[in-house]
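Visitor: So that we are looking at the same thing, I have put the structure below in structure tokens.
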Amino acid sequence: MSTITQEIEQAIASLVADNKQPSIALIKARLTTPLPIPVIIKALQAWQKNAKVPHIEKQQRVLTADQRIEQLEQQVLALSTRLARLEANG
């Protein structure tokens, strides 16, 4: 198992132990290694469906401007959804 996979699993396990619902922001805050948001989203979605984090390998690649924009758009969507949920419950 890769160290990235282990680290994400540990972050999720610590959140569950603290009686917190794992979210992208909470997982990201508990990681010691910075990971792209799409990787965290994929891991969280897999964990929510199967209670298991998929094997994730560290990749060394340079993102194109379009890929970076797509990541930012996904992050904005996730944050907007979370904000709307918080406002609705507030």
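Everything in the sequence shown is counted per the numbering used here, starting at 1032 for the first residue and increasing by one.
All C-beta atoms in this analysis are idealised placements derived from N, C-alpha and C, irrespective of residue type, glycine included.
Run through DSSP, which three-state label would Q1102 get?
Guide: DSSP places Q1102 in helix when its eight states are reduced to three.
Visitor: Smallest Cα separation from Q1052: which of Q1076, A1119, L1094, H1086?
Guide: Q1076
Visitor: Along the chain, where does the alpha helix (DSSP H) that runs through P1085 open and close?
Guide: Careful: P1085 lies outside any alpha helix (DSSP H) and carries neither H nor E.
Visitor: Would DSSP call P1069 helix, strand or coil?
Guide: helix
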